[in-house]
Amino acid sequence: MSNNNHKCTHPVRVGGLCCLCGAKAPDPEPSDDQYSNQYNTNNGSNKTGSNDSFVKSQNLTVGGGYTIQVTASEASLHSSRQRTRLRSLRKLSLILDLDHTLVHCVDHEGAGVFCKDERMEGSVRNFLLPAEHANLEKGVGSGDSLFYKLFGFSDPHLCRRHYLKLRPSLRTFINSVSQKYELTIYTAGTRYYALKVAHAVCRYMVGAPDVDVFTECDMSELEKKAVDLNRELFGNRIISRSDTGDLGKDVKSLKRVFPDGGKMSVMVDDREDVWANAKDNDSLMRGREGEPPLNLLYIRPYHFEEFKNFKDVNNVSGADLTKGGSSPSVLDDDKGLLWTADILARVWARYYENVDRVTAVREVEKGRGVVATTEQDEECLEHVPTILQKIRSAVLPPHTRMVFSGLISLQEQRVYKARVMGGVNLPRHPVARYAEDMGAEVEDFVDKGITHVVAKRGETEKCKEGGQIVGCAVVSINWLMDCFWSLTLKDVTPYLLAPVKEARGVEGGKAAVAPSPGLGKRKRTNEEEEKGGRGNERNGGEGNDGNEKEEEEDDEDDDGFADELMDEL
Amino acid sequence: MFYVKWIPHSVVLSPVHFGPKLYSTITRLVESSVEGTALSHYGYIIRVLEVPEDRMRGGVIEYDSGEVTYEVEYKALVFRPFKNEVVDSVVVDVNQLGFFAHLGPLRIFVSQHLFPSDVNGIEGGGFDGNSWVSEDGVVAIREGVGVRLAIIGATVEEGNITAVGTINEDFLGLIDVGEGEGM
Numbered sequence: 001m002s003n004n005n006h007k008c009t010h011p012v013r014v015g016g017l018c019c020l021c022g023a024k025a026p027d028p029e030p031s032d033d034q035y036s037n038q039y040n041t042n043n044g045s046n047k048t049g050s051n052d053s054f055v056k057s058q059n060l061t062v063g064g065g066y067t068i069q070v071t072a073s074e075a076s077l078h079s080s081r082q083r084t085r086l087r088s089l090r091k092l093s094l095i096l097d098l099d100h101t102l103v104h105c106v107d108h109e110g111a112g113v114f115c116k117d118e119r120m121e122g123s124v125r126n127f128l129l130p131a132e133h134a135n136l137e138k139g140v141g142s143g144d145s146l147f148y149k150l151f152g153f154s155d156p157h158l159c160r161r162h163y164l165k166l167r168p169s170l171r172t173f174i175n176s177v178s179q180k181y182e183l184t185i186y187t188a189g190t191r192y193y194a195l196k197v198a199h200a201v202c203r204y205m206v207g208a209p210d211v212d213v214f215t216e217c218d219m220s221e222l223e224k225k226a227v228d229l230n231r232e233l234f235g236n237r238i239i240s241r242s243d244t245g246d247l248g249k250d251v252k253s254l255k256r257v258f259p260d261g262g263k264m265s266v267m268v269d270d271r272e273d274v275w276a277n278a279k280d281n282d283s284l285m286r287g288r289e290g291e292p293p294l295n296l297l298y299i300r301p302y303h304f305e306e307f308k309n310f311k312d313v314n315n316v317s318g319a320d321l322t323k324g325g326s327s328p329s330v331l332d333d334d335k336g337l338l339w340t341a342d343i344l345a346r347v348w349a350r351y352y353e354n355v356d357r358v359t360a361v362r363e364v365e366k367g368r369g370v371v372a373t374t375e376q377d378e379e380c381l382e383h384v385p386t387i388l389q390k391i392r393s394a395v396l397p398p399h400t401r402m403v404f405s406g407l408i409s410l411q412e413q414r415v416y417k418a419r420v421m422g423g424v425n426l427p428r429h430p431v432a433r434y435a436e437d438m439g440a441e442v443e444d445f446v447d448k449g450i451t452h453v454v455a456k457r458g459e460t461e462k463c464k465e466g467g468q469i470v471g472c473a474v475v476s477i478n479w480l481m482d483c484f485w486s487l488t489l490k491d492v493t494p495y496l497l498a499p500v501k502e503a504r505g506v507e508g509g510k511a512a513v514a515p516s517p518g519l520g521k522r523k524r525t526n527e528e529e530e531k532g533g534r535g536n537e538r539n540g541g542e543g544n545d546g547n548e549k550e551e552e553e554d555d556e557d558d559d560g561f562a563d564e565l566m567d568e569l
Numbered sequence: 001m002f003y004v005k006w007i008p009h010s011v012v013l014s015p016v017h018f019g020p021k022l023y024s025t026i027t028r029l030v031e032s033s034v035e036g037t038a039l040s041h042y043g044y045i046i047r048v049l050e051v052p053e054d055r056m057r058g059g060v061i062e063y064d065s066g067e068v069t070y071e072v073e074y075k076a077l078v079f080r081p082f083k084n085e086v087v088d089s090v091v092v093d094v095n096q097l098g099f100f101a102h103l104g105p106l107r108i109f110v111s112q113h114l115f116p117s118d119v120n121g122i123e124g125g126g127f128d129g130n131s132w133v134s135e136d137g138v139v140a141i142r143e144g145v146g147v148r149l150a151i152i153g154a155t156v157e158e159g160n161i162t163a164v165g166t167i168n169e170d171f172l173g174l175i176d177v178g179e180g181e182g183m
C-alpha cells in the first residue's frame with residue numbers, strides 16, 4: 001500500500017506480491033488475455049501499469065497447482081535448470097491427459113456393478129468426490145481444503161461416487177514409460193478429481209483392492225506402497241482445471257508448465273483442439289496457427305463399452321473418426337496405450353542418442369580447446385518436436401499419394417482453398433494433416449499414380465475410380481488412423497474396402513527382387529515396381545534418419561510378401 | 001500475529017426472523033458469514049468470540065422489502081501477517097521456483113532467490129524434482145517439513161490472504177523434519 005512509487009523490477013511474483021522484496025506490485029494477471037499480452041508487447045501502453053520488465057511476464061503453473069508470475073528471463077533460467085535436471089536423470093517429460101486417455105470415468109450409480117465384476121480384473125475403481133461446488137474450486141490450496149478433509153468426504157450430500165475404468169494395458173504403459181519419462185498430469189478435471197484418479201491408478205499399479213480410501217483408516221502395507229508410488233510417479237506434478245483459468249475454456253497451454261515450449265516434453269491427449277486453442281503452444285514448431293503442436297501425441301479416445309450409456313464426468317472426448325466404422329469392437333481390446341508406449345520409447349531413444357552424440361563431439365572439441373556454450377549445445381540438439389515430426393514423416397513409404405473420399409466435406413474444401421489462395425495460413429483438416437505429417441501427398445482427384453483412396457464408406461465415386469486403378473488400395477479411414485496412432489505402417493489388407501486390382505502379367509520373381517516397402521500386399525505392378533525401386537533408393541539415402549523399429553516393420557512386410565509370392569509360385 | 005478485535009458488521013434480516021430468537025439468529029448469521037474469511041484492514045477471522053446484544057443497534061426497515069438492516073459489532077480472533085514477522089510454518093508444496101508453506105489459513109511463498117546460497121544452486125544444492133537439497137545434503141526442504149521463515153510482504157484483501165517470505169537470514173530455515181504428516 002505504501003509502495004505506490006516503489007518500482008520493483010524483480011523477476012518473480014505471487015498473487016501481486018514481489019517474491020524478492022515483498023513489495024506490492026500491481027497485479028498484471030489478466031486471466032483472459034494473458035496470451036494476447038505476450039504478443040502485443042509493442043502496444044506500449046500496458047493497461048495494468050506494471051513495470052517494463054513484467055510486460056513480458058508469463059504465468060507459470062507449478063506443482064501443487066499454484067500460479068506464479070515470472071519474467072521471460074526468469075522463465076528461461078527455470079527451463080534451463082529443468083533441462084539440466086531431466087538430462088541428469090536421462091528422462092524426458094511426459095504430459096498426460098486423464099479422461100479418455102488413461103481412464104474413462106462416469107458418476108452414474110449404475111456403473112457400480114463393474115467394480116465387483118471379476119472379468120475386469122480390478123480395472124474398474126470407485127472413489128468419492130465432493131460434488132462440484134464453486135467454493136471448493138476456489139478453496140483449493142487454502143484453508144478450505146481442511147474443511148473438506150474434515151467434513152466433505154463423509155457427507156453424502158456433498159459427495160458423489162465416481163466410477164473409473166482404467167484403460168487396458170495401463171500398467172504396462174506406466175511401467176514402461178516411467179523409466180524414461182517424468183510424468184505430469186494435465187487434466188480438464190478438478191484438482192480433487194486428478195488427485196483421486198492418480199491415487200486410484202497407483203493403487204491399481206501396486207495391486208491394492210478397490211476400496212474407497214476414506215473408509216479405510218489404517219494404512220495397510222499396500223496403501224503405503226501406493227502412496228509412495230504416487231509420489232514417485234506424479235509427485236505434485238498435477239495441473240487441473242481448478243488451477244488454471246483457461247482450462248474451462250478448452251485451452252491447454254504448454255508454456256504454463258514448460259516455459260521453453262516443451263522442447264523436452266511429449267503430450268499425450270485424446271484431444272488435439274485444446275492444445276491447438278492455446279495461442280502460445282509455439283506456432284514456431286509447426287508454422288501454422290491453429291494446428292496442435294508437434295510434440296502432441298494424439299491417442300485414440302478411449303471409451304469403455306459398458307460405460308457408453310452414462311454421461312462423462314468432465315469433458316467430452318476427442319473426435320474419433322473411426323467410430324462407427326466396420327471394425328467389430330471386441331470387449332476392451334484397445335491398444336492405444338501400447339502403441340503410445342512404443343512411440344514414446346522410440347522418441348526417448350532417439351533423443352538421448354542425439355544427446356550422447358553431441359556430448360561426445362563436445363568432449364573431442366574440449367580436447368582441442370574449443371568450448372561451446374550451452375546455447376550452442378541446444379542448437380545442435382534435435383528436440384522432441386522435431387524428432388516426432390521426423391518419425392511421423394517416415395511412416396508412410398515415399399511417393400504415397402492419397403485421395404480422401406467422404407471425409408472432408410465439399411464446403412470445407414471450398415472454404416479452405418479459397419482462403420489459402422488468399423494467402424491465409426489456415427489449419428488443415430485433421431485427416432489431411434495426419435496424412436501429410438506421415439509423408440503422404442494428398443490429391444484432390446483420383447489419377448493414375450494414386451496409391452491409396454482413404455474413404456469413410458466403400459461405395460463412393462472416388463472409391464470406384466480407385467478400384468479401377470492398378471495397385472491402388474481402397475482402404476477405410478481406420479487404416480490411416482491406426483497408422484497415425486501407432487506411427488507405424490499398418491498392412492492395408494484388413495482395412496481394404498474393395499479388392500486391389502491386380503495388373504495382368506505380373507512377374508512375381510521380379511517383384512520379389514525389388515519390393516517396395518510396405519505398399520500392402522498383392523498389388524505390385526511393373527509401374528509400382530519402378531516406384532518401389534526409387535523409394536528404396538530414397539530410403540537408403542535417408543537410412544540414418546529412419547529408426548530401427550521402422551525398418552524392422554518394413555522388413556517383416558517384405559518377408560511376408562516374399563513368402564506369399566513363393567506360395568503362389 | 002493474532003488479535004482480538006471489535007469489528008462492525010451489518011446484517012440484513014427478513015421479517016420472518018423477527019421473534020424471540022432474533023438475537024441468536026443475528027449471532028448465527030454473523031458467525032457463518034465471517035468466520036474463515038479474510039477481511040481487508042483486519043485480517044483472517046479465525047473465530048467470532050462474542051456478538052453482544054447491547055452492540056446490536058436496532059435497524060432500519062427497508063422501504064420496499066420490509067427487511068431490516070442491523071448494525072452490529074462483534075469481537076473476533078483475527079490473524080494478520082506482518083512484514084518482518086518471523087513465523088513457523090509447514091511446507092505444503094515444493095517446486096522448481098521455491099516452496100509454499102501454510103500457516104493456518106495463510107499461504108506463504110518462498111522463492112528460491114531467497115534461499116541460502118548453498119541450497120538454491122548458486123553455490124551448490126538444488127531442486128531434485130521433489131525437494132530442495134543443500135550442498136552437504138543436511139537440509140532438505142520437502143513436503144511436510146517445518147520451516148521458520150520471515151515474512152517480507154503480505155496482502156490482506158477481501159477473500160485473499162497471501163504472503164511471501166525468506167529463509168535467507170540467520171536462524172531461519174528448516175526446523176522440523178516431520179515425517180510426511182503435513183496438513
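Chains as they are written, first to last, in the UniProt record's numbering: chain A, 1 to 569; chain B, 1 to 183. Each residue gets a CB set at the ideal place from its N, CA and C atoms; glycine is no exception.
Query	Result
Distance CB(residue 571 of chain A)-CB(His17 of chain B) smaller than 9 angstroms	Lying outside 1 to 569, the shown extent of chain A, residue 571 of chain A is not represented and no answer is given.
Beta carbon of Ile88 of chain B nearer than 9 angstroms to that of Gly178 of chain B	The sequence as given places Asp at residue 88 of chain B; Ile does not occur at that position. No, the Cβ-Cβ distance between Asp88 of chain B and Gly178 of chain B is not below 9 angstroms.
Any C-beta of chain B under 9 angstroms from that of Cys18 of chain A	yes
Extent of the continuous alpha helix (DSSP H) run through Asp170 of chain B	Looking at the DSSP string, Asp170 of chain B is not in any alpha helix (DSSP H), and its letter there is neither H nor E.
Environment of Phe2 of chain B [buried if 16+ CB atoms lie within 10 Å]	exposed
Pro385 of chain A, enclosing alpha helix (DSSP H) - first and last residue	Val384 to Ser393
Chain A within 9 angstroms of Leu114 of chain B, Cβ atoms only	yes
Which residues DSSP lists as bridging Met421 of chain A, in chain order	DSSP, once it has assigned bridges, lists no residue as partnering Met421 of chain A.
Lys47 of chain A in three-state terms, based on DSSP	Caution is warranted here: a pLDDT of 37 is assigned to Lys47 of chain A, below 50, making its placement in the model unreliable, and the coordinate value is therefore given only provisionally. In this structure, Lys47 of chain A counts as coil in the three-state DSSP scheme.
Start-to-end residues for the beta strand (DSSP E) that takes in Phe2 of chain B	Phe2 to Leu13
Nearest-angstrom Cα separation, counted from Lys91 of chain A out to Ser57 of chain A	28 angstroms
Within chain A, partners of Phe18 of chain B - CB distance below 9 angstroms	Per Cβ cutoff of 9 angstroms: no residues; Phe18 of chain B is ~30 angstroms from chain A at best.
Residues, ordered as in the chain, of the stretch 75-99 of chain A that lie near chain B by beta-carbon distance below 8 angstroms	His78, Arg81, Gln82, Arg85 and Leu89
Cβ contact (3+ pairs, closer than 8 angstroms) linking the stretch 68-76 of chain B and the stretch 102-109 of chain B	no
Option nearest Glu379 of chain A by Cα separation, candidates A:Arg392, A:Thr359, A:Lys390 and A:Ala394	A:Thr359
Sequence-distant residues of the same chain with beta carbon closer than 8 angstroms to Val475 of chain A, five excluded per side	His452, Val453, Val454, Ala455, Val492, Tyr495, Leu496 and Leu497
Residues of its chain near Arg203 of chain A, where Cβ-Cβ distance is below 6 angstroms and the 5 sequence neighbours each way are ignored	Ala226
N- and C-terminal bounds of the beta strand (DSSP E) containing Ile185 of chain A	Tyr181 to Tyr186
Those runs of the alpha helix (DSSP H) which lie wholly inside the stretch 48-116 of chain A and span at least 4 residues	72-88
Whole-number beta carbon distance between Leu297 of chain A and Val395 of chain A, since they are thought to touch under 8 angstroms	Not confirmed; about 13 angstroms, so no contact.
Cα-Cα separation, Cys472 of chain A to Val446 of chain A	10 angstroms
3 or more residues per run - each beta strand (DSSP E) lying fully within the stretch 422-505 of chain A	441-443, 452-455 and 473-476
Inter-residue Cα distance where the pair is Asn295 of chain A and Gly129 of chain B	22 angstroms
Cβ-based neighbour list, Ala432 of chain A, same chain, cut-off 6 angstroms, excluding 5 preceding and 5 following	Val442
Under 9 angstroms between C-beta atoms of Thr184 of chain A and Leu337 of chain A	no
Close beta carbons around Leu222 of chain A, own chain, < 6 angstroms, minus the five adjacent residues each side	Val206 and Ala208
Option nearest Arg80 of chain B by Cα separation, candidates B:Ile175, B:Glu158 and B:Gly66	B:Glu158
For residue 184 of chain B, the three-state DSSP class (helix, strand or coil)	Since the first residue of chain B shown is 1 and the last is 183, residue 184 of chain B is not available in this structure.
Supposed contact pair Ile299 of chain A and Thr340 of chain A - C-beta distance, whole angstroms, cut 8 angstroms	5 angstroms
Minimum C-alpha distance to His104 of chain A - residue among A:Leu229, A:Ile450, A:Phe307 and A:Ala198	A:Phe307
Under 9 angstroms from the C-beta of Thr162 of chain B: neighbouring residues of chain A	Val14, Gly15, Gly16 and Leu17
Three-state secondary structure assigned by DSSP to Lys335 of chain A	coil
Per-residue burial, Pro8 of chain B [other beta carbons within 10 Å of its own, 16 or more giving buried]	exposed
Proximal chain A residues relative to Leu149 of chain B, where beta-carbon distance stays under 9 angstroms	Under the 9 angstroms cutoff, chain A gives no residues; its nearest Cβ is about 12 angstroms from Leu149 of chain B.
Rounded Cβ spacing between Gly22 of chain A and Ile152 of chain B (contact assumed at less than 8 angstroms)	3 angstroms
Supposed close pair Gly66 of chain B, Pro15 of chain B - CB separation, criterion 8 angstroms	5 angstroms
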